[in-house]
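What follows is a set of notes on a single structure, which appears directly below.
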Amino acid sequence: MISKLSLISKLSLISKMTLISMLTLISKLTLISKLTLISKLTLISKLSLISKLTLILKLTLISK
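Under the numbering used here, the first residue of the sequence shown carries the number 6, and numbering increases by one thereafter.
Written out as structure tokens, the structure reads:
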């Protein structure tokens with residue numbers, strides 16, 4: 006009886022640990038994906054801003 010209880014408690018502990026590790030892994034992955042998405046978006050916005058600025062500069066140069 007005691008051995009069964011200890012086995013059950015060990016199993017529940019292991020399952021809790023794996024659940025926790027899975028959750029932390031998932032949260033880390035989502036955090037990483039969010040960060041990469043944000044960095045990609047900022048990169049794209051920076052590039053588009055730069056291209057707009059150069060376009061405006063070129064247009065003003067041409068108009069002169």
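Glycine residues also receive a C-beta, built at the ideal position from the N, C-alpha and C atoms.
For clarity, every value in this text was computed on a predicted model and none was experimentally measured.
If you draw a straight line from the Cα of leucine 52 to the Cα of lysine 45, it is about 10 Å long. Under the DSSP assignment, lysine 21 falls in the alpha helix (DSSP H) whose first and last residues are 7-68. Each residue's CA atom was taken as its position, placing leucine 62 and leucine 34 some 41 Å apart.
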